[in-house]
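This report refers to the structure that appears directly beneath it.
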Amino acid sequence: MFGKVREAMADAAETLRRAYSGLAVVDVAPERFRARGHGSPLLAIHPLAGLESLEASALTSGLLGEQPLSVRRMDVPRAVLHAESGWARWDAGAEVVRMAPLAARLSQPLALPTLPERVPIHGGVEALGRPVARRLPHALPGTSLRRLSEPLTRPATRTLEPGLRAPAARTEDPGLRSPSARRSLEAALAFPVPIQAEDIQRLPKGLWMRYSLQLVRGTGENVRNLEVLGLFRIPRKGVAELHHDARLGRILVRFEAAAVGAPRIPFILARRKDDGAMVSCFVEGA
Amino acid sequence: MAESIKLAYFMAVKEGTSYLGGLLVTDTSGIPLDFRYTEPITPTHLQGILYGKSLEPHLKEEVIQKTLLKELKAPPDLFILSATELAGGWSGDTKCPVLAVQKTQDTPLAKAGAVFRVGAREVLLQVADGAAPLRVLFATSVDAPTQEQAILKLLEAGYHMDLAEPLERVAAALQSLVMKGS
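Protein chains in written order, with our numbering: chain G, 1 to 286; chain F, 1 to 182.
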């Protein structure tokens with residue numbers, strides 16, 4: 001039994017010890033509660049000296065001319081402390097406000113009006129009727145009244161004839177009219193005419209002998225000294241120019257108008273062998 | 001016979017928008033007997049549209065040629081034009097055989113006067129010994145007998161003259177007239 005008491009006392013003691021063992025006095029540094037400037041200096045009040053006296057300086061102005069200005073010195077403003085006691089003022093003129101409803105013996109019961117049983121109806125909505133035309137008693141100046149005689153008149157109808165009218169036909173003769181013709185033999189005679197030489201071998205031998213004799217008589221040359229270039233049939237008159245085309249064995253003759261219709265007679269063209277000169281003569285009918 | 005043969009050489013040319021033609025009549029020596037030419041005829045724009053491609057053949061054959069033939073006192077024995085014109089479908093007149101004469105480079109035929117028939121409307125004609133034969137083209141209106149008569153006349157005339165040369169003179173004469181007119 002004493003053992004249990006002892007254990008109980010020990011437990012109690014241990015309990016008390018644990019309960020009061022956590023309480024400790026902690027010293028707090030006073031610097032924690034002081035204001036610190038974090039990166040900036042603390043605000044401080046610096047006493048300033050009194051206001052400097054204002055001095056007026058003389059300014060020259062062209063408008064005033066050269067007149068001298070009087071300069072006055074200003075006094076230094078000084079601060080004067082004024083004090084006023086609010087309580088003293090309140091005490092002099094204040095008045096205590098008394099609330100009447102809360103004042104004793106002054107309160108009276110208030111009578112509340114009864115609520116109405118029916119809601120009174122004031123007036124009403126008039127039935128909608130036909131609108132009544134109203135006329136202005138006096139027309140506004142500058143306006144005029146117009147009346148429509150009829151509601152709407154029928155629009156005028158127009159008819160379009162669908163048929164296409166026949167267009168006016170015009171005739172133009174597509175035929176090509178015959179041009180006028182002109183005669184100009186001179187235009188044709190302006191160009192030389194080639195005349196081919198006849199084949200002497202096809203001539204009868206007697207005829208050629210006769211032509212040769214006439215050639216000798218006409219030119220006065222020895223027949224052995226002559227080389228016959230050709231026998232041509234050309235007009236008896238109207239020969240303007242004559243050229244021999246030895247390559248083709250023909251002559252180029254330019255005629256005049258007199259050659260047209262003139263009889264064609266044999267014409268022999270020859271060359272002298274000794275000097276190469278050209279000789280010619282009409283051999284028949286000359 | 002040779003003196004009576006008359007050869008008519010016809011040519012129509014286009015100068016700008018105008019057409020004009022010339023007709024040269026020569027004897028068998030190629031000497032001019034007559035030369036006629038037309039004033040330039042200018043078809044209108046409407047006529048050009050209406051006639052179309054037939055405008056030029058119609059102008060040359062129906063208008064210019066007939067106008068020039070009317071001017072002649074007597075019809076020529078042969079009506080000769082260029083092979084180009086004839087190939088364009090020239091019908092021609094039955095009174096006057098229409099043909100074209102063209103020089104060739106072919107081998108000469110056997111002898112002068114030889115005729116080689118190439119086709120119904122084409123023959124080779126040897127007018128001179130040793131020379132290249134001439135090609136003769138006939139119009140569609142020229143029948144075979146008429147062709148034979150025309151060939152004889154060509155041989156006769158070709159003995160004295162160059163059958164193809166007068167067309168060059170017609171062209172030159174027309175050119176000179178155009179230059180003279182402008």
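In this text, a Cβ means the ideal position worked out from N, Cα and C, and glycines have one as well. A quick note: this is a predicted structure, and the numbers were derived from the prediction, not measured.
Test item: CB-CB of Ala257(G) and Leu215(G) under 8 Å: Not in contact: Ala257(G) and Leu215(G) (Cβ atoms no closer than 8 Å).
Close-in-space but distant-in-sequence residues of the same chain around Phe79(F) (CB under 6 Å, 5 per side omitted): Contacts found: Ala8, Cys96 and Val98.
Separation of Glu14(G) from Glu7(G), as counted between CA atoms: Distance between the alpha carbons of Glu7(G) and Glu14(G) is about 10 Å.
Opposing strand residues paired with Pro266(G) [DSSP bridges]: Note: Pro266(G) sits in a beta bridge opposite Arg233(G).
Identity of the residue in Val193(G), Ser180(G) and Arg224(G) nearest Arg272(G) by Cα: Nearest of Val193(G), Ser180(G) and Arg224(G) to Arg272(G), Cα basis: Arg224(G).
Simplified DSSP assignment, three categories, for Phe191(G): Three-state DSSP puts Phe191(G) in coil, outside helix and strand.
Endpoints, beta strand (DSSP E) assigned at Ile251(G): Residues Arg250 to Phe255.
Three-state secondary structure assigned by DSSP to Glu241(G): Shown here, Glu241(G) sits in a strand according to DSSP, grouped into three states.
Three-state secondary structure (DSSP) of Leu109(F): Note: Leu109(F) maps to coil in three-state DSSP.
Continuous alpha helix (DSSP H) stretch holding Tyr51(F): start and end: Secondary structure note for Tyr51(F): its alpha helix (DSSP H) is the uninterrupted segment His45 to Tyr51.
Residue nearest to Ala132(F) in terms of C-alpha spacing, selected from Pro32(F), Val142(F), Leu23(F) and Thr107(F): For the options Pro32(F), Val142(F), Leu23(F) and Thr107(F), the alpha carbon positioned closest to that of Ala132(F) is the one of Thr107(F).
Residue-level contact to chain F via CB, Ile195(G), 8 Å cutoff: Output row for Ile195(G): interface = yes.
C-alpha distance - Phe255(G) paired with His243(G), whole-angstrom precision: Distance from the CA of Phe255(G) to the CA of His243(G), rounded to the nearest whole angstrom, comes to 12 Å.
Anticipated Cβ contact below 8 Å, Ala12(F) with Ile49(F), distance rounded: The beta-carbon distance between Ala12(F) and Ile49(F), rounded to whole angstroms, is 21 Å. This is too long to meet the 8 Å contact definition.
Reference Ala246(G); option with closest CA among Asp11(G), Ala197(G) and Pro174(G): The residue with the shortest Cα to Cα distance from Ala246(G) is Ala197(G).
Proximal residues, the stretch 245 to 270 of chain G versus chain F, C-beta separation under 7 Å: For the stretch 245 to 270 of chain G, which is checked against every Cβ of chain F, the residues closer than 7 Å are Phe255, Ala259, Val260 and Arg264.
Limits of the alpha helix (DSSP H) - the one that Gln126(F) falls within: Neither: Gln126(F) is in no alpha helix (DSSP H) and is coded neither H nor E.
Cutoff 8 Å; reference Tyr51(F); Cβ partners in own chain excluding five residues on either side: Residues Pro43 and His58 of the same chain have their beta carbon placed closer than 8 Å to that of Tyr51(F), with the five preceding and five following residues left out of the count.
Local Cβ density within 10 Å of Ser54(F), reported as buried at 16 or more and exposed below that: Result: exposed.
Backbone secondary structure at Val76(G) - three-state DSSP: For Val76(G), the secondary structure class from DSSP, reduced to helix, strand or coil, is coil.
Interfacial residues, the stretch 168 to 193 of chain G to chain F, with Cβ spacing under 8 Å: Taking 8 Å as the upper bound on Cβ-Cβ separation, chain F lies near residues Glu172, Pro174, Leu176, Arg177, Ser178, Pro179, Ser180, Ala181, Arg182, Arg183, Ser184, Leu185, Ala187, Ala188, Leu189, Ala190, Phe191 and Val193 of the stretch 168 to 193 of chain G.
Proximal chain F residues relative to Arg217(G), where beta-carbon distance stays under 8 Å: Per Cβ cutoff of 8 Å: no residues; Arg217(G) is ~25 Å from chain F at best.
Three-way DSSP call (helix, strand, coil) for Pro32(F) in this model: Strand, per DSSP.
8 Å contact criterion, which Phe232(G) and Phe267(G) should meet: CB distance rounded: That belief holds up - the Cβ atoms of Phe232(G) and Phe267(G) are roughly 5 Å apart, short of 8 Å.
Between the CA atoms of Ala10(G) and Tyr20(G) - distance to the nearest angstrom: The alpha-carbon atoms of Tyr20(G) and Ala10(G) are separated by roughly 15 Å.
Minimum Cβ-Cβ distance from Ala173(F) to chain G less than 8 Å: Yes, contact with chain G.
Pair within 8 Å by beta-carbon distance, Leu124(F) and Leu137(F): Against a cut-off of 8 Å, the Cβ pair of Leu137(F) and Leu124(F) comes out as no contact.
Members of the stretch 217 to 234 of chain G near chain F, C-beta cut-off 8 Å: Taken in chain order, the members of the stretch 217 to 234 of chain G whose beta-carbon sits within less than 8 Å of a beta-carbon on chain F are Arg233 and Ile234.
Gly22(F) (DSSP reduced to helix, strand or coil): Judged by DSSP in its simplified three-state form, Gly22(F) adopts strand.
Buried/exposed call for Ala100(F), threshold 16 Cβ in 10 Å: So Ala100(F) counts as buried.
Under 9 Å by beta carbon: chain G residues contacting Pro43(F): Within 9 Å Cβ-Cβ: Leu176.
Run of the beta strand (DSSP E) containing Arg135(F), from where it starts to where it stops: Looking at the DSSP string, the run of the beta strand (DSSP E) that includes Arg135(F) is Leu134 to Phe138.
Three-way DSSP call (helix, strand, coil) for Met9(G) in this model: Judged by DSSP in its simplified three-state form, Met9(G) adopts helix.
CB contact below 8 Å: Met1(F) versus chain G: Only weak support is given to the placement of Met1(F): the predicted model assigns it a pLDDT of 42, under 50, and the value that follows is read from those uncertain coordinates. Not a single C-beta of chain G is nearer than 8 Å to the C-beta of Met1(F).
Buried versus exposed, by CB contacts within 10 Å (16 or more), Phe299(G): In the structure as shown, chain G begins at 1 and stops at 286. Residue 299(G) is therefore absent and cannot be evaluated.
Buried or exposed by the 16-neighbour rule on C-beta atoms within 10 Å, applied to Ala166(G): A residue is called buried once 16 or more other Cβ atoms fall within 10 Å of its Cβ, and Ala166(G), having fewer, is exposed.
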